[in-house]
Amino acid sequence: MDITVDALIVGAGPAGSVTATLLADAGLQVLVVDRAAFPRDKPCAEYLSPAAVLILERLGVLGTLKDAGANPLSGTTVVGAYGSRLTGLFAKTGSPPLHRPTGLAVTRRILDAALVDAARSRGVTVMERTRVVELIRHRGAVTGAVIATAGGKTATVAAPVTVGADGLHSVVARWFGGVRRAPLRRWAFVGHFAGVTGLADRAELHAGTEGYAGLNPIGPGITNVSLVVPRQVARRARGDVADFFHSTLDRFDGIRNRVHPSGSLGPIRTVGPFGVRARRPVVDGGLLVGDAAEFFDPFTGEGIHSALRGAELASWTILEATRGPKPFSATSLSSYLRARRRAFWGKWVVERMIGYGMLMPRLFDRAVERIGRKDPMAHTLIGVTGHVVPPGAVLNPVFLTRMVL
Ligand SMILES: Cc1cc2nc3c(=O)[nH]c(=O)nc-3n(C[C@H](O)[C@H](O)[C@H](O)COP(=O)(O)OP(=O)(O)OC[C@H]3O[C@@H](n4cnc5c(N)ncnc54)[C@H](O)[C@@H]3O)c2cc1C
Numbered sequence: 235m236d237i238t239v240d241a242l243i244v245g246a247g248p249a250g251s252v253t254a255t256l257l258a259d260a261g262l263q264v265l266v267v268d269r270a271a272f273p274r275d276k277p278c279a280e281y282l283s284p285a286a287v288l289i290l291e292r293l294g295v296l297g298t299l300k301d302a303g304a305n306p307l308s309g310t311t312v313v314g315a316y317g318s319r320l321t322g323l324f325a326k327t328g329s330p331p332l333h334r335p336t337g338l339a340v341t342r343r344i345l346d347a348a349l350v351d352a353a354r355s356r357g358v359t360v361m362e363r364t365r366v367v368e369l370i371r372h373r374g375a376v377t378g379a380v381i382a383t384a385g386g387k388t389a390t391v392a393a394p395v396t397v398g399a400d401g402l403h404s405v406v407a408r409w410f411g412g413v414r415r416a417p418l419r420r421w422a423f424v425g426h427f428a429g430v431t432g433l434a435d436r437a438e439l440h441a442g443t444e445g446y447a448g449l450n451p452i453g454p455g456i457t458n459v460s461l462v463v464p465r466q467v468a469r470r471a472r473g474d475v476a477d478f479f480h481s482t483l484d485r486f487d488g489i490r491n492r493v494h495p496s497g498s499l500g501p502i503r504t505v506g507p508f509g510v511r512a513r514r515p516v517v518d519g520g521l522l523v524g525d526a527a528e529f530f531d532p533f534t535g536e537g538i539h540s541a542l543r544g545a546e547l548a549s550w551t552i553l554e555a556t557r558g559p560k561p562f563s564a565t566s567l568s569s570y571l572r573a574r575r576r577a578f579w580g581k582w583v584v585e586r587m588i589g590y591g592m593l594m595p596r597l598f599d600r601a602v603e604r605i606g607r608k609d610p611m612a613h614t615l616i617g618v619t620g621h622v623v624p625p626g627a628v629l630n631p632v633f634l635t636r637m638v639l
């Protein structure tokens, strides 16, 4: 079977579905393939920043998420390894009045299925249980891909642009030119629990001496519990994942005795290692979006926003390129790279600062204590992580000095 479309998108997570929706809205014929069937689970802390919520509102899916029980979040509490604590509230960021001063907690089962439904309703063809087998190239340019359905049928898809939105371990990124591995290689363990005590309408992040853990109230009485540890610690999970998960959580003073194994609502899902960045996010005939392009450490809750915003930027670039020759050249798609840099650069720096800061638990705890004590620094920091305050509000000598002195 041969299929010809205006855009082929590999992966129907937030990055792929939203890129597809925006291209279809502009009149393009779009095919999305995903090896999973939706709704599907995805290991994630399931926290959405206010900036991500704004994009979901623009897409018209916010009502669906609310009807399905998504929880508004007023901000985040961060707890250091030695008990220091800060709470930042989006509504108190001091920026011009926000259109939406709350983030959102919602399961990926609900969020991702809603985005796939939205894509379908806008005319996108979504093939589930279908994976990409290999890319097709002509004179060095990507001109489509071979796909395979669960039933074993293969098809050739021709498209002037192929978008890799296939997540953290993207095969498309590898085919485009490989990935860089960051020195910080962490693994995550994620579960849903009932009966977690002491929660407010905020996400909680607890830094430890060996990684960090998060609690996020994702629905009535249901909490997402995530644990992120370095690779050498994750190896201890090899015998019994649940036992490792709970015994490691017990080492966090702020979490001990709050998450009980008896409250487990499903399996503990494992994912890793993190810390990858595509060497070539744009090639002749293709580009990468979402985690396939770059993975953000979950500590700052940036991944979904970056997938959604990246989808907006990718779709604008592709629409611009449709005015030129096919397949779209890397040069005609290169404005996407510049737009990504403008959109994410400051956040990349803040994320790395926090990620490496946590490797020095004493210093990190001290910074949390200083920021928590000096109003309004906590609101500013959490506002930056939620993309409601520009990164420059943190990345300046005054804030950085007050953070440690
Ligand atoms: C432990 C953890 C916690 C996190 N917590 C948060 C958080 O709280 N907030 C936040 O904003 N971000 C968080 N993130 C990051 C967030 O999950 C990702 O950034 C986000 O899912 C990226 O979306 P995506 O569409 O790029 O990829 P994904 O959501 O991973 O979607 C990729 C899709 O591609 C499909 N696919 C893969 N390979 C193929 C193939 N060969 N053929 C066809 N289909 C394929 C998959 O089935 C999947 O549906 C977290 C990540 C982790 C690991």
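Here the working numbering is used: the first residue of the sequence shown is 235, the next is one more, and so on.
Built from N, CA and C at the ideal position, the CB exists for glycine as well.
No experiment lies behind these values; they were computed from the predicted model shown.
With a threshold of 7 angstroms (Cβ to nearest heavy atom), would residue i be considered close to ligand 1?
i	result
L296	no
I538	yes
L521	no
V584	no
L402	yes
G445	no
D275	no
V430	no
E368	no
P248	yes
R365	yes
P561	no
A393	no
G535	yes
G620	no
V510	no
E528	no
A399	yes
M631	Note on residue identity: the sequence assigns Pro, not Met, to residue 631. The answer is no for P631.
R269	yes
G322	no
P464	no
E291	no
C603	According to the sequence displayed, residue 603 carries Glu and not Cys. No, Cβ of E603 sits at least 7 angstroms from all heavy atoms of ligand 1.
S549	no
S460	yes
A422	yes
D525	yes
A541	yes
E438	no
G245	yes
E554	no
E192	It is not possible to answer for residue 192, since the shown part of the chain is limited to 235 through 639.
L282	yes
A347	no
Can you name the residues that DSSP bridges to residue i?
i	result
Y446	A441 and V462
T238	A392
G297	For G297, which the question treats as bridged, DSSP gives no partner whatsoever.
H426	N458
V312	L320 and L439
I370	G378
S498	F427
T364	T383
N305	A339
V516	L521
E528	R511
R415	V510
Looking only at C-alpha atoms, which of the options sits nearest to residue i?
i	options	result
T619	I588, L597, L593 and R600	I588
G580	V623, D599 and F562	V623
A573	P595, W550, A302 and R557	W550
V523	V380, C278, V405 and D487	V405
F508	L615, A476, P631 and D525	D525
A302	A271, T341 and R319	T341
G591	Y446, T431 and A375	Y446
A545	V244, V287, G250 and L242	G250
V430	G442, G411, I456 and A437	I456
E585	R465, L338 and I616	I616
If I follow the unbroken alpha helix (DSSP H) through residue i, where does it start and stop?
i	result
T614	M611 to T619
H480	V475 to L483
V405	V405 to F410
P631	P631 to V638
V602	P595 to R607
D259	P248 to D259
Span of the beta strand (DSSP E) holding residue i?
i	result
V376	A375 to T383
L571	Taken as a continuous stretch (DSSP letters only), L571 belongs to no beta strand (DSSP E), being part of the alpha helix (DSSP H) at S569 to G591.
M361	T359 to M361
L265	V264 to V267
V510	V510 to A512
V628	Note, V628: premise wrong, no beta strand (DSSP E); not H, not E.
R641	Absent from the structure is residue 641, since the part of the chain shown begins at 235 and ends at 639.
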